[in-house]
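Okay, so here's the structure we're looking at.
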Amino acid sequence: MMTDHPTVFLHTYGCQMNVYDSELVGSLLTTDGFRLVSHPEAAQVILINTCAVRDHAEQRVLGRLNALGTLKRRRPGLLIGVLGCMAQRLGEELKNRAPAVDLVLGPDAYRRLPGLLRERLVSGATAAFCAGDPGETYGDVAPARGEGVNAFVAIMRGCNNFCTYCIVPYARGRERSRPPGELLDEIRRAVENGFHEITLLGQNVNSYRWDETDFSALLDRVAQIPGLRRLRFMTSHPRDLGERLIERLAGGGAICPSLHLPAQSGSDRVLEQMNRGYTRAQYLDKVRRLRERVPGLALTTDLLCGFPTESEADFEATLELMREAAFDDAFTFKYSPRPGTRAAKMKDDVPEAVKLQRLERMIALAREQADASRQRLLGETAEVLLEHPSPRDESEWTGRTRCGRVALAPGSFQRGAEVRIRVEAIRGFSLWGKPAAPNT
Ligand code: SF4
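Heads up: the sequence shown begins at 1 in this note's numbering, then just goes up one per residue.
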């Protein structure tokens, strides 16, 4: 039955870009009179925003959709929509895999969502797939953010790089940047609403360009916004990371000394097969220059093992690159073919057991490096931007340091307070220390 303000539960899988897209979807729906709810039981519509980067992520979504199919049999009027990269990749086929699904919308089709939902709520129209407008940037849509201090802002959408294993250019289309004026307005509004930390998002932020404004120039302008305390960005492509960006990271101010720089492999042969556009030596040279110029830099990465033809020697080269780069943290994955990509046409010839064993070795080394990175901070001071009471112990607040590490401080604070702590202990994955006088 159609009510004045139909209720929607929106669940997000995947990366920061998907979180941002869900905020856009929330905004489009609430502007049209829909009401977002925090439990699926209360919702007339359940939307799942999906990721297609790995087979594992898609299998999780299919499991969830099967469970929702059971719910729909009990509540036949329930509408189920699938959004995002998996929706774009599978299109109409998703209906065959998950028959309970009513709507399938790719990342460039969200403007059509309120209208399509209303049509279905009124008439029970049949399922639809919508791919959307490949030039879409949602520049006029103000994201519906919850409470917090960290806001994501997508400066561009899509990717032109076509790394051979990656589905993103097919699911999210070609690169298109948003105009700087529009971005500066969005960020100013976010800062005025208490989001003191802004993370600029793009599949490859280094290729941002609008007329004469490249990414470094955009950073300069954003960093000057009054009230903005911290500025981060992700993801940077190692091929495109140049001196000017290293200078910005070294310059301090609002720009935080943290960088996510996906290496993917330490083997030149595998990097070439992946179409990454850099060699191991070039990657490590950039790391060396970053470490020299940006004191206290927190450097994180993505690594992929088990790519077609990866030999034991190739894999050892990846472990060796990890050691040389001394990452502060790493996100590690095993290769799974993504249909439609160039790598999917290669023979997936690394046995699953070998992939798993290599993944475990990468995870072990990444953990060791992350632990060592935290241990190095014992006794150091760190500025923590506090976000909320710790879910585990409400007598402490949790937040992030300028390097992006999670930290805990005992006491009661206001959201957005910035305190200086001396790191006295490591609790799990968090730094812990008593605050000195608050900065704000
Ligand atoms: S840079 Fe490569 S891995 Fe990253 S989104 Fe683009 S194609 Fe995918």
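Glycine is no exception: its CB is placed at the ideal position from the N, C-alpha and C atoms. Quick caveat: nothing in here was measured; it's all calculated off a predicted structure.
DSSP places Asp-314 inside the alpha helix (DSSP H), whose first and last residues are 312-325. When DSSP states are grouped into helix, strand and coil, Met-346 belongs to the coil group. If the five residues before and after Met-362 are omitted, its C-beta is found closer than 8 Å to the C-beta atoms of Leu-303, Cys-305, Thr-318, Leu-319, Met-322, Ala-330, Thr-332, all from its own chain and listed in chain order. When distances are taken from the beta-carbon of Cys-130 to the heavy atoms of the ligand SF4, even the shortest one reaches 7 Å or more. At least one heavy atom of the ligand SF4 lies closer than 7 Å to the C-beta of Gln-203.
Counting of Cβ neighbours within 10 angstroms places Gly-252 among the exposed residues, the total staying below 16. Judged by DSSP secondary structure, Thr-300 falls within the beta strand (DSSP E) whose first and last residues are 298-305. Under the three-state reduction of DSSP, Ile-167 is assigned to coil, being neither helix nor strand. His-56: member of the alpha helix (DSSP H) spanning 55-74, first to last residue. Here the segment 405-412 does not lie against the segment 355-372, with fewer than 3 beta-carbon pairs under 8 Å apart.
Pro-257 has its Cβ no nearer than 7 Å to any heavy atom of the ligand SF4. The beta-bridge partner set that DSSP reports for Asp-328 is empty.
Residue environment for Leu-385: buried (at least 16 other C-beta atoms within 10 angstroms of its C-beta). Straight-line spacing of the CA atoms in Thr-401 and Arg-118 works out to 44 Å. In terms of side-chain proximity, the C-beta atom of Pro-6 is found no nearer than 7 Å to any non-hydrogen atom of the ligand SF4.
Counting only the Cα atoms, Ala-154 lies some 12 Å from Glu-136. Between Phe-215 and Ala-151, the C-beta spacing is not below 8 Å. DSSP places Ser-373 in the uninterrupted alpha helix (DSSP H) bounded by 352-375.
Here DSSP, grouped into helix, strand and coil, assigns Arg-221 to helix. At the C-beta level, Asp-314 and Val-270 come within 8 Å of one another.
Cα atoms of Ala-223 and Lys-345: separation of roughly 44 Å, rounded to the nearest angstrom. Where Leu-259 is concerned, the enclosing beta strand (DSSP E) starts and stops at 258-260. With a threshold of 7 Å, the Cβ atom of His-237 counts as near the ligand SF4, since some heavy atom of the ligand is closer than that. In this structure, DSSP gives Ile-46 an extended state, which the three-state scheme calls strand.
The alpha carbon of Asp-349 has as its nearest neighbour, out of Lys-334, Phe-307, Phe-327, Ala-372, the alpha carbon of Phe-307. Judged by the Cβ position, Phe-34 fails to qualify as a neighbour of the ligand SF4 at the 7 Å threshold, every heavy atom of the ligand being at least this far. Using a C-beta cut-off of 8 Å, the segment 67-80 makes no contact with the segment 139-148, since fewer than three inter-stretch Cβ pairs fall below that distance. Nearest in C-alpha terms to Gly-340, of all of Ala-171, Pro-389, Arg-232, is Ala-171. Secondary structure at Val-153: strand, using DSSP grouped into helix, strand and coil.
Taking every protein chain shown into account, the CB of Phe-162 has fewer than 16 other CB atoms within 10 angstroms, so this residue is exposed. Pairing Leu-299 with Gln-16 gives a Cβ-Cβ distance that is not under 8 Å. By the C-beta density criterion, Pro-226 is exposed, having fewer than 16 other C-beta atoms within 10 angstroms. Only exposed fits Leu-356, as fewer than 16 other CB atoms lie within 10 angstroms of its CB. Distance from the C-beta of Pro-40 to the nearest heavy atom of the ligand SF4 is not below 7 Å. Counting only the Cα atoms, Gly-26 lies some 13 Å from His-5.
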